[in-house]
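Here the first sequence is numbered in the UniProt record's numbering, starting from 1 and rising by one per residue. Glycine is no exception: its CB is placed at the ideal position from the N, C-alpha and C atoms.
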Amino acid sequence: MNVTPSAPVKAASVSATLNAWFVANARDLPWRRDGFGAWGILVSEFMLQQTPVNRVIPRLEEWLARWPTPASLAAVPPSEAVRAWSSLGYPRRALWLHAAAVQITQLHGGVVPSDVDDLLALTGIGDYTARAVAAFAYGHRHPVVDTNTRRVIARAIAGAGEPSPPNRGRDLDAMGALLPQSVHEAALFNAAIMELGAVVCTSRSPKCEVCPIRKCCAWRAAGYPEYTGIRKTVQKKFEGSDRQVRGLIMAELRSTHRSVTEAEIATLWPDAAQLQRALASLVADGLAISAEGGHTLPE
DNA sequence: GACACGTGGCA
DNA sequence: TTGCCAAGTGT
């Protein structure tokens, strides 16, 4: 006779198994080193938003060598943050990180807050990053939900090939139900489930044959059914998009400390109307400002 | 809630 | 070559 384990029993089994796997298999990443510090964790989390680990590491190390504290970043103009961001993408994150550094310096005495609500109040920090900093920098017990976590839960627990569209409350509840009571085990588990999603339970071609929880995976038990729910909205084509044109303008602005002229900007893209639209949007976002004879990064 | 927002590696 | 995807957030 089949006996279905009760949900709490399965949760405890999953968390214990994943934690043991993580302790033995975690990648050696800078932000996992002892004493990395809350500021380093926070910077890494900003950089890791939608950007792969391998591209983040060199920029992160340069960043922290130059600005080892929030106050040191807050003391320079945002233009320097945008330059140091280099080609990580989504340069507004550099602006937000700079703004957060100013807020931390002015409102929290230069110490990265540990309270989730205090973190949420900082520019550029949302549900994921606030809990990630509280959990990974301070070891607090909060459910941390990112795209990896959502995918692992969808598969291993719900038996679906992909997660349903994000739902703040439901996602936090689902992770909360798996989270060990022990503060230390909980912090480990938040990292462990993300790691599994990042290196084993990947979006495309998951490595189920080496998965530590394959024996209790609901997706496997169900025969790996195809996902039949609502599809993610497909990312729009980048070639020829406003995003591409914004990127070209930002690269030009980053490349120099002087003002970039209209004539120089005109050489970046053949469609003048699209170019002006992109430039106007960058100004609106605070990533570019009008200056003597052209445009510069925000000083 | 859908959408906009960079960049580059990989299949 | 083209499309998918990567530790999200703000509007």
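7 Å Cβ cutoff met for residue i and residue j
{"i": "Ala-100", "j": "Thr-123", "result": "yes"}
{"i": "Thr-69", "j": "Ile-213", "result": "no"}
{"i": "Val-112", "j": "Trp-39", "result": "yes"}
{"i": "Thr-267", "j": "Gly-293", "result": "no"}
{"i": "Thr-202", "j": "Ser-259", "result": "no"}
{"i": "Val-145", "j": "Ala-135", "result": "no"}
{"i": "Gly-159", "j": "Ala-222", "result": "yes"}
{"i": "Thr-179", "j": "Ala-186", "result": "A quick correction: the sequence has Leu, not Thr, at residue 179. Yes, they are a contact pair."}
{"i": "Arg-246", "j": "Arg-83", "result": "no"}
{"i": "Leu-88", "j": "Thr-147", "result": "no"}
{"i": "Asp-242", "j": "Arg-92", "result": "no"}
{"i": "Leu-64", "j": "Met-47", "result": "no"}
{"i": "Ala-74", "j": "Val-43", "result": "no"}
{"i": "Thr-149", "j": "Met-194", "result": "yes"}
{"i": "Phe-22", "j": "Ala-192", "result": "yes"}
Residues bridged to residue i [DSSP beta-bridge criterion]
{"i": "Ser-290", "result": "His-295"}
{"i": "Val-53", "result": "Note: Val-53 sits in no beta bridge, so no partner."}
{"i": "Val-245", "result": "None, per the DSSP bridge assignment."}
{"i": "Val-260", "result": "His-295"}
Closest Cα partner of residue i within the set the options
{"i": "Glu-80", "options": "Gly-293, Gly-109, Ala-288, Leu-119", "result": "Ala-288"}
{"i": "Gly-109", "options": "Pro-30, Ser-72, Ala-94", "result": "Ser-72"}
{"i": "Ile-41", "options": "Leu-297, Cys-216, Leu-29", "result": "Leu-29"}
{"i": "Gln-244", "options": "Tyr-90, Phe-136, Gly-161", "result": "Tyr-90"}
{"i": "Val-183", "options": "Ala-7, Ser-15, Val-9", "result": "Ser-15"}
{"i": "Asn-25", "options": "Val-200, Ala-137, Val-234, Pro-78", "result": "Val-200"}
{"i": "Gly-37", "options": "Lys-207, Tyr-138, Phe-22", "result": "Tyr-138"}
{"i": "His-257", "options": "Lys-10, Pro-298, Ala-75, Gly-126", "result": "Pro-298"}
{"i": "Arg-32", "options": "Trp-85, Leu-188, Asp-118, Ala-65", "result": "Leu-188"}
{"i": "Met-250", "options": "Ala-94, Ala-65, Ile-104, Leu-172", "result": "Ala-94"}
{"i": "Met-175", "options": "Ser-205, Arg-141, Arg-277, Ala-198", "result": "Arg-141"}
{"i": "Ser-86", "options": "Ala-11, Pro-58, Gly-35, Arg-170", "result": "Pro-58"}
{"i": "Cys-211", "options": "Ala-12, Asn-19, Val-9", "result": "Asn-19"}
{"i": "Phe-238", "options": "Leu-248, Arg-131, Pro-165", "result": "Leu-248"}
{"i": "Arg-27", "options": "Gly-35, Lys-10, Pro-8, Asn-54", "result": "Asn-54"}
{"i": "Trp-96", "options": "Asp-115, Leu-119, Arg-170", "result": "Leu-119"}
{"i": "Gly-10", "options": "Cys-216, Pro-166, Pro-163, Ser-290", "result": "With the sequence shown as reference, residue 10 is identified as Lys, and Gly is not the correct amino acid for it. Nearest option by C-alpha distance: Cys-216."}
{"i": "Thr-105", "options": "Pro-166, Ala-273, Val-76", "result": "Val-76"}
{"i": "Ser-290", "options": "Ile-265, Gln-274, Arg-168", "result": "Ile-265"}
{"i": "Trp-67", "options": "His-98, Gly-126, Arg-220", "result": "His-98"}
* When the Cβ atoms of the stretch 213-233 are set against those of the stretch 140-159, are three or more pairs found closer than 8 Å? -> yes
Hey, which unbroken runs of the alpha helix (DSSP H) at 4 residues or more fall wholly within the stretch 102-147?
116-120, 127-132
> Can you list, in chain order, the stretches of the alpha helix (DSSP H) that have 4 or more residues and sit fully within the stretch 134-220?
Replying inline: 147-152, 168-178, 183-199
Which parts of the stretch 57-97 are runs of the alpha helix (DSSP H), unbroken and 4 residues or longer, counting only runs that do not cross its ends?
70-74, 78-85
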